[in-house]
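Chemist: Sharing a structure with you now.
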Amino acid sequence: MKATAIANANIALIKYWGKRDADLMLPNNGSLSMTVDGLHTKTTVEFGDFEADTLTMNGESVEGKELDQVIKHLDLVRGMANINKKAKVASENSFPTAAGLASSASGFAALSVAAAKAAGLDLDEKQLSILSRRGSGSASRSVGAGFIEWLKGEQADGDDSYGKQVATPDHWPAFRMIVAITATGEKKIKSRAGMSQTIKTSPMYQGWLDTVPADLDVVRQGIRDKDFTKVGETAERNGLKMHATMITTIPTILYWNPTTIAIMHAIQDWRDEGLESYFTMDAGPQVKVFCLEKDVPELQKRLQEIPGVRETIIGKPGQAARLVEEHLF
Ligand code: 2P0
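Numbering (this note's numbering), first residue to last: 1 to 329.
In structure tokens form, the structure reads like this:
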């Protein structure tokens, strides 16, 4: 009753911001992301005769809210498998945790795949995505490979809200995301609390919801056609619209720092010169730059010259969450 899984992080081209059901983790809008090769979480789960559920992350024992969320997720798996054994869970991130990159997506996807296997369940990719979604919404997009759309779904039970592949990693191997790290440390406002506050207070939120379906259509088709300009322009605009809802939340949720803004200006200037790339930001100050493989060396060099940029990480379309043989304990 022991299994280990690896799942990659994902970065959204069309963002998820807001839930219609906080218990089932059902979104108000569909979203679309790229699974990012190399930015992964590896998790081992063993069910056995333990006194309590335990969790270590990067070798350190974890308690409190984070442990509670993992226990809640293990309870879901135990319920599905009809077992009541406690679990030992160990998890490691391949990316620096201090980099402020979201780890809940890769984390809950890896936990779901490992725990389901360790509990003796035989779930397909859709079922694993639905299970992952219950841990963290964006984790539904980290189960599959390449470009994944998290379907909003209509059903009250959420069985039609899961990550569905739009294109494989081989379909567009030249697509790249450069992550520019502009700050380290914990973010001030967690996504979960932030999105809930946005729904309650931002006058821009309805405009966001009204325009996401059209953005999704353009980016989904743009990926199929490998139309980089169409995908980049629409993704950049979609990310800015999400940030408009954040900034106009009461109290304001302003995730950007001066370096974030300097990068946005630089990318616009470089585009005017003919060096094409697009930016997006999530619930933090890091900038994710979409580009094509041929432009990575020049963009990486220029990004690293911007004062305040601490590090850049190159991501390409990644593989699906998978079971591996080497356990963490
Ligand atoms: C996204 N974010 O689409 C958006 C953009 C942050 C900004 O998905 O409450 O950690 O666990 O469902 O999945 C972050 O939200 O929130 C996120 P929960 P989650 O990538």
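Just so it is clear, CB atoms sit at the ideal spot from N, CA and C, and this is done for glycine as well.
Do V231 and I223 have their C-beta atoms closer together than 8 Å?
Modeler: In the sequence shown, the residue the question calls residue 231 occupies position 231. In the sequence shown, the residue the question calls residue 223 occupies position 223. Contact: yes.
Chemist: Report the start-end ranges of each alpha helix (DSSP H) in the region 250-284 that is 4 residues or longer and not cut off at the edges.
Modeler: Entirely contained in the region 250-284, the alpha helix (DSSP H) runs reaching 4 residues are, in chain order, 258-273.
Chemist: Determine the closest residue to A345 out of L303, D217, F147, A87, with distance taken between C-alpha atoms.
Modeler: The first residue shown for the chain is 1 and the last is 329, placing residue 345 beyond what the model contains.
Chemist: Helix or strand or just coil, what does DSSP make of W150?
Modeler: Working through the sequence shown from its first residue, we reach residue 150 at position 150. The answer is strand: DSSP assigns W150 an E or B state.
Chemist: At 3 residues or longer, what runs of the beta strand (DSSP E) sit wholly inside the region 43-99?
Modeler: Whole beta strand (DSSP E) segments, 3+ residues: 54-57, 86-93.
Chemist: Which whole-angstrom value is the C-beta distance of H40 and S129, which I expect to be below 8 Å?
Modeler: Within the sequence shown, numbered from 1, the residue matching residue 40 stands at position 40. Within the sequence shown, numbered from 1, the residue matching residue 129 stands at position 129. 17 Å between Cβ atoms; not a contact.
Chemist: Does ligand 1 have a heavy atom nearer than 7 Å to the CB of W17?
Modeler: Here residue 17 refers to the residue found at position 17 of the sequence shown. Yes; taking the cut-off as 7 Å, the Cβ of W17 has a heavy atom of ligand 1 nearer than that.
Chemist: Using the three-state DSSP reduction, which class does K230 fall into: helix, strand or coil?
Modeler: Counted from its first residue, the sequence shown places residue 230 at position 230. Helix at K230.
Chemist: Does the distance from the C-beta atom of A105 to that of S138 stay below 8 Å?
Modeler: What you label residue 105 is simply residue 105 of the sequence shown in a count that begins at 1. What you label residue 138 is simply residue 138 of the sequence shown in a count that begins at 1. Yes, Cβ-Cβ distance for A105 and S138 is below 8 Å.
Chemist: Among D37, K72, E60, G38, which residue has its Cα nearest to the Cα of D53?
Modeler: Against the sequence shown, residue 53 aligns to sequence position 53. For D53, the nearest C-alpha among the options comes from K72.
Chemist: Hey, could you find the ends of the beta strand (DSSP E) E311 is sitting in?
Modeler: The residue given as residue 311 occupies position 311 in the sequence shown. Element bounds for E311: 311-315.
Chemist: Indicate whether the contact test is met: 3 or more Cβ pairs, each with one atom in the region 262-270 and one in the region 146-165, closer than 8 Å.
Modeler: Touching, no.
Chemist: Who pairs with Q286 in a beta bridge, going by DSSP?
Modeler: In the sequence shown, the residue the question calls residue 286 occupies position 286. Bridge partners of Q286: none, in fact.
Chemist: For the beta strand (DSSP E) containing T4, name the first residue and the last one.
Modeler: Residue mapping note: residue 4 aligns to position 4 of the sequence shown, counting from 1. Segment 2-14, the beta strand (DSSP E) holding T4.
Chemist: Expressed to the nearest angstrom, what Euclidean distance is found between the alpha-carbon atoms of L254 and T245?
Modeler: Counted from its first residue, the sequence shown places residue 254 at position 254. Counted from its first residue, the sequence shown places residue 245 at position 245. When rounded, the distance between both Cα atoms is 10 Å.
Chemist: Cβ of R192 within 7 Å of any heavy atom in ligand 1?
Modeler: Counted from its first residue, the sequence shown places residue 192 at position 192. Result yes, Cβ under 7 Å from ligand 1.
Chemist: Given this structure, state the Cα-to-Cα distance separating M204 from K241, to the nearest angstrom.
Modeler: As a first step, residue 204 is located in the sequence shown; it is residue number 204 there, counting from the start. As a first step, residue 241 is located in the sequence shown; it is residue number 241 there, counting from the start. So the alpha carbons of these two residues sit roughly 9 Å apart.
Chemist: In chain order, what residues of the same chain lie with their CB nearer than 7 Å to the CB of D160, ignoring the 5 residues before and after it?
Modeler: As a working note, residue 160 is residue 160 in the sequence shown. Same-chain partners within the cutoff: L151, G153, E154.
Chemist: Which stretch, first to last residue, makes up the alpha helix (DSSP H) that contains G107?
Modeler: As a first step, residue 107 is located in the sequence shown; it is residue number 107 there, counting from the start. Counting along the chain, the alpha helix (DSSP H) containing G107 begins and ends at 104-118.
Chemist: Quick check: does the Cβ of M242 come within less than 7 Å of any heavy atom belonging to ligand 1?
Modeler: The residue you call residue 242 lines up with position 242 of the sequence shown. For ligand 1, at least one heavy atom lies less than 7 Å from the Cβ of M242.
Chemist: Helix, strand or coil for I130 per DSSP?
Modeler: As a first step, residue 130 is located in the sequence shown; it is residue number 130 there, counting from the start. Note: I130 maps to helix in three-state DSSP.
Chemist: Taking its Cβ as the centre, do 16 or more other Cβ atoms sit within 10 Å of L323, making it buried, or is it exposed?
Modeler: For the purposes of this step, residue 323 is taken as residue 323 along the sequence shown, with counting starting at 1. Flag for L323 reads exposed.
Chemist: Hey, is A183 close to ligand 1, as in C-beta under 7 Å from one of its heavy atoms?
Modeler: Here residue 183 corresponds to residue number 183 of the sequence shown, with the count starting at 1. No; taking the cut-off as 7 Å, the Cβ of A183 has no heavy atom of ligand 1 nearer than that.
Chemist: Whole angstroms is fine: what's the gap from L131's alpha carbon to N58's?
Modeler: Taking the first residue of the sequence shown as 1, we reach residue 131 at position 131. Taking the first residue of the sequence shown as 1, we reach residue 58 at position 58. Cα to Cα, L131 sits roughly 23 Å from N58.
Chemist: Thinking C-alpha only, which one of N257, D124, S136 is nearest D23?
Modeler: Counted from its first residue, the sequence shown places residue 23 at position 23. Checking every option, the nearest Cα to that of D23 belongs to S136.
Chemist: Would the beta-carbon of D282 be found less than 7 Å away from any heavy atom of ligand 1?
Modeler: Translated into the one-based positions of the sequence shown, residue 282 becomes position 282. The answer is yes for D282.
Chemist: Going by the C-beta, is A174 closer than 7 Å to any heavy atom of ligand 3?
Modeler: Ligand 3 is not part of this structure, which contains only ligand 1.
Chemist: Is the closest heavy atom of ligand 1 to the C-beta of A105 under 7 Å?
Modeler: Translated into the one-based positions of the sequence shown, residue 105 becomes position 105. Yes - ligand 1 has a heavy atom lying nearer than 7 Å to the Cβ of A105.
Chemist: Which class does H327 belong to by DSSP, given the choice of helix, strand or coil?
Modeler: As a working note, residue 327 is residue 327 in the sequence shown. H327: coil per DSSP, three-state reduction.
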